[in-house]
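Peer 1: Chains as they are written, first to last, in this note's numbering: chain A, 1 to 295; chain B, 296 to 629.
Glycine included, C-beta positions come from ideal geometry on N, C-alpha and C.
Please find one structure pasted underneath; my questions will follow.
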Amino acid sequence: MNDLGTALVPVGQALLSGVLVGGVYGLLSIGFSLAFGVMRIVNFAHGDLVMYGMYVGVVASTSFGIDPLYALPVSFVLMALLGAAQYLLVFKRFVGSATLQQLLAAIGLGLVLQMLAQVVFGADTRSAPSMFSARYILIGPLFISAAQVVAFVVAVVATAAVEALLIATRWGKAVRAVADDIEAAEIVGLSAQTINITAFALACGLAGVAGTIMVTYYPTDPSKGLSLMPIAIIATTIGGLGSIRGSFLGGIFCGVVQQLTAMLWSSALQDIPLYVLLLFFIAYRPTGLFGLRTE
Amino acid sequence: MDMPFPAGRAIVVKPRPGFKSLLPVLAVAAVAILPALPFVNPYIQAVVVRALIFIALGQAWNIVAGIGGLLSLGHGVFLGLGCYVTGILFNEIGLPPWFGVWAGVLVALLVALVMGSMTLRMRGVFFALATVAVSLACDQLARHFVDLTGGDSGLALRFLGDSLWAAQSRSPTPFVYAGLGFVVAYYGITRIILTSRFGLEMRAVRDDETAAAASGVRVFRTKLLGFLVSAAMTALAGGLYMQFYQAIDPESAFGLGQAIQLQLPALIGGLGTAAGPIVGGALMIVLSEVTNWGSTKLNLVGVDVLVYGLVLLMVVLWAPKGLVGMLSRRRVRR
């Protein structure tokens with residue numbers, strides 16, 4: 001019995017870290033999912049906004065000496081503005097269908113953002129510790145990082161807030177109406193353009209929050225945005241493209257699968273099962289676990 | 296060969312005979328005599344080879360994306376498989392690339408078959424996401440299995456010097472002719488596909504899947520076949536890539552930068568046209584030479600990627616039909 005207990009410790013550890021890491025994956029996926037669900041925009045530059053959010057934390061910490069956690073609102077506002085600008089300059093013309101041109105435009109935009117970050121911040125790896133970094137909590141034989149717990153809580157709160165916004169407010173109702181049928185929404189007097197801008201800005205603001213909270217335990221460099229995109233894509237597809245709750249749970253699922261793979265197989269190959277799962281979900285359950293039922 | 300249609304809505308713009316029909320012949324002849332010219336040094340020849348390789352690769356991507364409208368963002372997978380399989384077979388068991396590359400094509404076809412049959416029944420966006428995932432998976436696998444692939448630092452061919460058997464050469468001249476052969480052949484294949492029933496079906500599926508299905512086109516089969524043809528062509532050109540560069544690494548096989556380099560020729564030149572990747576590929580290499588020169592002058596790393604991103608963005612936003620599309624549209628208006 002005791003042997004079984006010791007054998008289960010690594011599994012419990014992997015599950016626990018997986019859930020904590022996955023919560024933030026969920027947070028960075030819900031913005032990606034929101035842009036797709038409302039506007040059918042696949043924003044490959046979403047990861048780059050997460051990366052800029054990370055640099056907001058870095059700048060707050062190194063230039064202003066402020067804890068990155070206090071910079072969360074700033075990060076949200078800045079990325080939301082940047083998102084609105086992106087929408088007006090690039091994505092506005094692609095609303096409604098994810099075409100080849102739209103995907104390529106997003107990739108081009110992502111590359112430009114990544115290179116600008118490299119010019120401004122340099123290619124070095126940077127980090128921004130918060131008051132919770134380097135603190136650990138012990139639960140019996142398991143230990144977890146306090147920064148990750150805080151990040152997980154922020155992710156849960158942000159996801160719940162977005163769900164509440166979409167379900168309970170007038171604005172949320174308008175967003176769902178535009179997502180359902182843009183023409184019908186305009187006939188009943190909604191300004192689809194305004195609603196799309198605000199929804200896209202919210203999606204990008206969430207990316208900023210995800211980045212700033214992540215940088216407290218995960219160092220950044222200009223290529224981080226691109227390397228986070230696969231997780232957002234997989235979490236969103238498994239959870240259901242367009243579903244906020246689904247994407248969040250998909251993120252947790254990804255985190256757990258990663259940690260278990262790293263423990264049982266190899267940490268260098270921790271993403272391989274996720275890619276395989278993605279293919280199977282696309283082939284056999286493209287709506288994901290919670291996705292839009294109709295197309 | 297006059298069209299039996301009376302004057303009316305001109306659907307097919309018949310090219311004026313003369314200069315335009317001679318243009319391809321002149322272009323081939325110009326490249327063919329290039330190595331013999333006195334001022335053409337090996338450096339210029341190498342630039343020409345790079346252009347030819349990327350034109351061939353762009354032509355292959357053009358078939359799936361331009362004619363078929365399928366959003367493949369991961370054609371680096373097939374380029375990488377062509378390179379790695381050719382290289383590994385040569386290094387490990389001494390199989391010359393003349394045969395090894397066909398094994399690469401076979402592996403690429405298998406991967407494309409699995410990917411395609413799992414994702415092509417769904418909407419395009421899922422296919423696009425899957426191609427991204429498969430290239431990232433290949434990247435991780437190539438980095439992990441160091442014994443076979445050389446890991447992060449990549450795989451270098453055993454160099455035997457000038458050898459026809461090993462398809463190796465110190466001088467770039469043979470590769471000019473090999474690249475030219477690829478470009479001519481791929482241009483021909485694209486022309487044949489464009490004028491064939493299969494090409495018509497692919498374009499019908501691209502423009503309106505539902506309407507195509509209603510007209511009796513077997514949508515899934517058409518998409519899968521187009522994807523397979525394109526994957527095989529990319530892997531075959533990968534063999535030439537490997538022999539010319541003598542090395543491959545995960546980043547230049549499966550990285551996003553490479554994926555974009557495979558797309559730019561067709562995008563700049565004109566998606567879905569046979570001439571587009573040729574014009575675009577030539578332009579792209581000129582562009583990359585200029586930015587390389589500029590980034591060494593300014594001592595800035597990554598300028599080329601910034602330029603590629605900007606070009607990608609500009610082409611998609613302002614010239615979605617590419618240069619060839621812009622020119623031919625003007626001719627129709629006249």
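1. Cβ atoms of T529(B) and A403(B): under 8 angstroms apart, would you say?
2. Apply the 10 Å Cβ neighbour rule to S525(B) and answer buried if 16 or more other Cβ atoms are within range, or exposed otherwise.
3. Using three-state DSSP, classify T414(B) as helix, strand or coil.
4. Does M609(B) pass the burial test, meaning 16 or more other C-beta atoms within 10 Å, or should it be called exposed?
5. From which residue to which residue does the alpha helix (DSSP H) around Y70(A) run?
6. Against chain B, which members of the stretch 246 to 260 of chain A pass a CB distance test of less than 7 angstroms?
7. Beta-carbon within less than 6 angstroms of R434(B)'s beta-carbon, same chain only, minus the 5 sequence neighbours each way: which residues are those?
8. State yes or no: is the C-beta of A428(B) within less than 8 angstroms of the C-beta of I234(A)?
9. Against chain B, with Cβ distances strictly below 8 angstroms, would D124(A) count as a contact?
10. Check the DSSP bridge columns for I348(B) and list the partner residues they point to.
11. If you check the beta carbons only, do Q86(A) and F94(A) fall under 8 angstroms apart?
12. If the cut is a Cβ gap below 8 angstroms, which residues of chain B does T237(A) touch?
13. Specify the secondary structure class of R516(B) as computed by DSSP and reduced to three states.
14. Taking DSSP's pairing of strands, which residues face L138(A) in a bridge?
15. For W356(B), count the other beta carbons within 10 Å of its own beta carbon; 16 or more makes it buried, fewer makes it exposed. Which is it?
16. Here's the rule I'm using: 16 or more other beta-carbon atoms within 10 Å means buried, otherwise exposed. How should F385(B) be labelled?
17. Please classify R438(B) as buried or exposed, where buried requires at least 16 neighbouring CB atoms within 10 angstroms.
18. Going by CA-CA distance only, name the one from M410(B), S448(B) and V335(B) that's closest to S466(B).
19. Who does S458(B) pair with in a DSSP beta bridge?
20. Can you pull the chain A residues whose beta carbon is under 8 angstroms from the beta carbon of P615(B), in chain order?
21. Is the beta carbon of Q270(A) sitting closer than 8 angstroms to the one on A14(A)?
22. What are the partner residues of L450(B), as DSSP defines its beta bridges?
23. For N196(A), count neighbouring C-beta atoms within 10 Å of its own C-beta (all shown protein chains included) and say buried if the count is 16 or more, exposed if not.
24. Counting only Cβ pairs nearer than 7 angstroms, list the residues of chain A close to G604(B).
25. Please report the distance separating the alpha-carbon of V112(A) from that of A106(A).
26. To test your reading of the DSSP string, which unbroken alpha helix (DSSP H) runs of 4 or more residues are found completely within the stretch 487 to 539 of chain B?
27. Within its chain, find whatever has a CB closer than 7 angstroms to the CB of T212(A); leave out the 5 residues flanking it on each side and keep chain order.
28. Can you give me the C-alpha to C-alpha distance between D3(A) and P141(A), rounded to a whole angstrom?
29. I want to verify the contact list: residues of chain B whose CB lies under 8 angstroms from the CB of V90(A), in sequence order.
30. Please look up how many angstroms separate the CB atoms of A532(B) and A346(B), rounded, as I've assumed it's under 8 angstroms.
31. Which of the residues in the stretch 353 to 382 of chain B, read from start to end, lie with their CB under 7 angstroms from any CB of chain A?
32. Within the chosen definition, does the stretch 16 to 24 of chain A reach the stretch 248 to 259 of chain A through at least 3 CB pairs nearer than 8 angstroms?
33. Give me the Cα-Cα distance between G476(B) and L566(B), rounded to the nearest whole angstrom.
34. With 7 angstroms as the C-beta to C-beta threshold (strictly closer), list the residues of the stretch 202 to 216 of chain A near chain B in chain order.
35. I need the DSSP call for R285(A), collapsed to helix, strand or coil.
36. Which of helix, strand or coil does DSSP assign to P301(B)?
Peer 2: Let me spell this out:
1. For A403(B) and T529(B), yes; Cβs fall inside 8 angstroms.
2. Buried, since its Cβ has 16 or more Cβ neighbours within 10 Å.
3. In the three-state reduction of the DSSP assignment, T414(B) falls in the helix class.
4. Its Cβ having fewer than 16 others within 10 Å, M609(B) is exposed.
5. Counting along the chain, Y70(A) falls outside any alpha helix (DSSP H), and DSSP gives it neither H nor E.
6. Cβ contacts with chain B: none found.
7. It should be pointed out that residue 434(B) corresponds to Asp in this sequence rather than to Arg. If you ignore the 5 residues before and after D434(B), its C-beta comes within less than 6 angstroms of the C-beta of P545 and F549, all in its own chain and listed in chain order.
8. A contact, by the Cβ cut-off of 8 angstroms.
9. Output row for D124(A): interface = no.
10. Bridge pairing for I348(B): absent [DSSP].
11. A distance of 8 angstroms or more separates the beta carbons of Q86(A) and F94(A).
12. Within 8 angstroms Cβ-Cβ: F421 and L424.
13. If DSSP states are grouped into helix, strand and coil, R516(B) belongs with the helices.
14. In the DSSP output, where bridge partners are listed per residue, L138(A) has F143(A).
15. Per the 10 Å Cβ criterion, buried.
16. F385(B) counts as buried, since no fewer than 16 other beta carbons sit within 10 angstroms of its beta carbon.
17. For R438(B), the number of other beta carbons within 10 angstroms of its own is at least 16, and it is reported as buried.
18. The shortest C-alpha to C-alpha distance from S466(B) to any of M410(B), S448(B) and V335(B) is the one to V335(B).
19. Answer is Q463(B).
20. Going along chain A in sequence order, the residues near P615(B) (Cβ under 8 angstroms) are Q101.
21. Not in contact: Q270(A) and A14(A) (Cβ atoms no closer than 8 angstroms).
22. Paired residues: I543(B).
23. Result: buried.
24. Simply G108, L111, V112 and M115.
25. Rounded to the nearest angstrom, the two C-alpha atoms are 10 angstroms apart.
26. Taking only runs of at least 4 residues, the alpha helix (DSSP H) segments lying wholly in the stretch 487 to 539 of chain B are 492 to 502 and 504 to 509.
27. G53, M54, V56, G57, P68, A71, L72 and S75, listed in sequence order.
28. A direct Cα-Cα distance of roughly 14 angstroms separates D3(A) from P141(A).
29. Under the 8 angstroms cutoff, chain B gives L608 and L612.
30. The beta carbons of A532(B) and A346(B) sit about 13 angstroms from each other, so the pair does not count as a contact at 8 angstroms.
31. Cβ contacts with chain A come from A360, G364, L366 and L368.
32. Judged by pairs of C-beta atoms under 8 angstroms, the stretch 16 to 24 of chain A touches the stretch 248 to 259 of chain A, as three or more such pairs exist.
33. When rounded, the separation of the alpha-carbon atoms in G476(B) and L566(B) is 22 angstroms.
34. Those would be none; no residue qualifies.
35. R285(A): coil per DSSP, three-state reduction.
36. Because the pLDDT of P301(B) is 47, which lies under 50, any placement of that residue in the model is unreliable, and the question is left without a value.
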